[in-house]
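Report on the following structure.
Protein chains: 2
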Amino acid sequence: MPRNDTAGFADTDGPGASPPGPAGPGRGNVLDRGVRLLRAFRPGEEALRLTELSRRTGLPKATVHRLAEQLVGLGLLQRAPVGFGLGIGLFELGELVPVKLRLREAALPFLQDLYEATHETIHLAVRDGLDVVYADRIRGHTGIDTPARVGGRLPLTCTGVGKVLLAWSGQELIDEVLAQPLPRLTAHSVTDPGRLADELARIRRCGVGYDRQEAAPGLSCVASPVLVHGRIVAALSISVPAHQAPPARLAPAVRTASLALSRVLSRAGPRR
Amino acid sequence: MPRNDTAGFADTDGPGASPPGPAGPGRGNVLDRGVRLLRAFRPGEEALRLTELSRRTGLPKATVHRLAEQLVGLGLLQRAPVGFGLGIGLFELGELVPVKLRLREAALPFLQDLYEATHETIHLAVRDGLDVVYADRIRGHTGIDTPARVGGRLPLTCTGVGKVLLAWSGQELIDEVLAQPLPRLTAHSVTDPGRLADELARIRRCGVGYDRQEAAPGLSCVASPVLVHGRIVAALSISVPAHQAPPARLAPAVRTASLALSRVLSRAGPRR
């Protein structure tokens, strides 16, 4: 199982950004350096100059230039008016990853139902190590903006989907999380291990979990697990402004959608 | 501008899959081989055995094994019960590509409106070379299934979004397309250059384009351009079963959404 040693946001450093490949020649070879160059980009950045790429990667400018030209040839970077940007070939490759393709295809109609019923912001998330990774996000004109970007990460313990994913991931992982300092994204993030343990037990009993401004100020959410033959594969959530009616009123909606999606996925046979 | 020399489906071979990087040592180095390994996967494949990876890439098994282990270390592959599958780190990287991040964020509320108003399947697409690449797709329980996968490609001339993208891409590109044999995905695909030229002129006049079972039997669609300061950046479409009422009845809906999205994107200032 992949583990992530980053406790907080890790937008530009994926789970395997730094550790050397077990059989490869460490960080040194051209594949490692190429991936490091791609990971230098942050969300929303259209292009970076060679100087900035060199600074972020710690690679000499001449190396960055040679690598970037090769990545352009491979379709993973593209030339920008100034410098280089990520290329459409990288987007195409990313869309082939099964987490996205399979789960999203099955989940999308249920996410649409939730959006249509509530007009709030809807998330679909999976666990990777000690993080939540957002697989999909639906938002209309009026739904609240959230720190959850598709493909982005947040700590498991600071989000509704994360606590739900953790609650069903087995005692071993829960013990591992509780043994470490709990990350704090806001003043409301749960950082007391005893309180978190109680909350995880309550989530397993009720089938829903809450985030009460624990990931971002002003933002609450209610989340529910997607289970395939008893194994958790994802979580759904509805996010609302914290000053509105409490998200508990939306618990039956998210629970209904997660039960329906769980049923559809279980019918398709055990995954793996 | 990147060009794609594949006339038909090109799911596993992106625009730059084969050509050697201009400055790199051709197909030979470990970065090229690593990308070739990632591109060996096809949509929906959870895992591939070493033997199959070796067959598809033309690389010796020992090389594939060493590369795969390194890609696991980088988070771009993951070990499967048998063989290797694409890793979540690749999904994360792909989501950083601006085509996805910026356009999709702005477009999503308008796609949601179209879905809610029609309950049909909605697409957002961009042009890459002579192909359409699908940036997003919304589908409920009842919407028709389409050959358009997010991150997948279809020829410009066989789809509603593609013809719309082509119609506004300038006479130079139109001439280039018309000078080549036109791809045929179904018996209805337009393969006569004169007929296609007339249709592109009509699309520019009307602001909407149609696909009448030209990409897949039984599937029709109506599409409209997203223009930022007169420059085309994307196209929206609504897909319906061909046996239903003609998609013309949905032309005002898709036109309305594309005009609204164009306005929002133009207000945000010239992109690049």
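Respectively, the protein sequence lines represent chains X and R. At position 187 of the first sequence the residue is numbered 187 (the UniProt record's numbering), and the sequence of numbers has no breaks. At position 87 of the second sequence the residue is numbered 87 (the UniProt record's numbering), and the sequence of numbers has no breaks. Yeah, the Cβ is synthetic: ideal placement off N, Cα and C, and Gly gets one too.
Through-space distance from residue j to residue i, alpha-carbon basis
i, j, result
"X/ALA148", "X/SER220", "13 Å"
"X/ASP131", "X/GLY151", "12 Å"
"R/THR57", "R/LEU96", "27 Å"
"X/ASP136", "R/PHE110", "17 Å"
"X/ARG49", "R/ARG39", "28 Å"
"X/TYR115", "R/LEU178", "43 Å"
"X/GLY28", "R/LEU93", "20 Å"
"R/GLN78", "R/GLN70", "10 Å"
"R/GLY218", "R/ARG153", "19 Å"
"R/VAL64", "R/GLY85", "13 Å"
"X/THR186", "X/HIS123", "20 Å"
"R/ASP198", "R/THR157", "13 Å"
"R/VAL226", "R/LEU196", "21 Å"
"residue 348 of chain R", "R/ARG104", "Outside the shown range of chain R (1 to 272) lies residue 348 of chain R, about which nothing can therefore be said."
"X/GLY44", "R/ARG102", "7 Å"
"R/GLY26", "X/ALA117", "The predicted position of R/GLY26 is uncertain, since its pLDDT is 38 and thus under 50; no value can be drawn from it."
"residue 293 of chain X", "R/ALA234", "Residue 293 of chain X is absent from the model: chain X starts at 1 and stops at 272."
"X/ARG267", "R/LEU108", "30 Å"
"R/ARG42", "X/PRO98", "10 Å"
"R/GLY143", "R/VAL126", "22 Å"
7 Å CB neighbourhood of residue i in its chain, flanking five on each side removed
i, result
"residue 273 of chain R", "Residue 273 of chain R lies beyond the stretch modelled for chain R, which goes from 1 to 272, so this question has no answer here."
"R/ASP113", "ALA257"
"R/ARG184", "THR191"
"X/LEU74", "GLY89"
"R/GLN180", "none"
"X/GLY160", "GLY209, TYR210, ASP211, CYS221, VAL222, ALA223 and SER237"
"X/VAL264", "ALA106"
"R/VAL82", "ALA47 and ARG49"
"R/ALA260", "PHE110"
"X/ALA80", "GLU46 and ALA47"
"X/ILE174", "LEU166 and LEU200"
"R/LEU76", "LEU38, GLY87, GLY89 and LEU90"
Neighbourhood of residue i by C-beta, 8 Å cutoff - its chain only, sequence neighbours within 5 removed
i, result
"X/ILE203", "LYS163, VAL164, ALA167 and GLY209"
"R/LEU67", "VAL30, ARG33, GLY34, LEU37 and LEU59"
"X/HIS243", "GLY218"
"R/PRO252", "none"
Residue range of the beta strand (DSSP E) that includes residue i
i, result
"R/ALA223", "219-228"
"X/PRO241", "231-241"
"X/ARG212", "209-212"
Continuous alpha helix (DSSP H) stretch holding residue i: start and end
i, result
"R/LEU261", "251-267"
Contact set for residue i: own chain, Cβ-Cβ below 6 Å, skip 5 residues either direction
i, result
"R/VAL254", "VAL222, SER224, LEU236 and ILE238"
"R/PRO193", "LEU178"
"R/VAL240", "GLU120, SER220 and PRO247"
"X/SER54", "LYS61 and VAL64"
"R/SER262", "VAL226 and LEU227"
"X/LEU182", "THR157 and THR191"
Only counting runs of 4 or more residues, tell me where the alpha helix (DSSP H) segments fall wholly within the segment 111-193 of chain X, in order along the chain. Whole alpha helix (DSSP H) segments, 4+ residues: 160-167 and 171-178.
Quick one: which unbroken beta strand (DSSP E) runs of 3-plus residues sit fully inside the UniProt domain "HTH iclR-type" (28-88) of chain X? Chain order, please. 77-79 and 84-86
Taking only beta carbons into account, state which residues of the segment 84-103 of chain R come closer than 8 Å to chain X, listed in chain order. GLY85, LEU86, GLY87, ILE88, GLY89, LEU90, PHE91, GLU92, LEU93, GLY94, GLU95, LEU96, VAL97, PRO98, VAL99, LYS100, LEU101 and ARG102
With 7 Å as the limit, tell me which residues of the segment 109-135 of chain R have their beta carbon closer than that to any beta carbon of chain X; keep them in chain order. PRO109, GLN112, TYR115, GLU116, ASP128 and VAL133
Of the residues that make up the segment 228-251 of chain X, which ones have a beta carbon closer than 7 Å to any beta carbon in chain R? none
Quick one, which residues of the segment 141-156 of chain X are near chain R if we go by CB-CB under 9 Å, in chain order? HIS141, THR142, GLY143, ARG149, VAL150, GLY151, GLY152 and ARG153
Chain X contacts from the segment 43-63 of chain R (Cβ-Cβ distance under 7 Å): PRO43, GLY44 and GLU46
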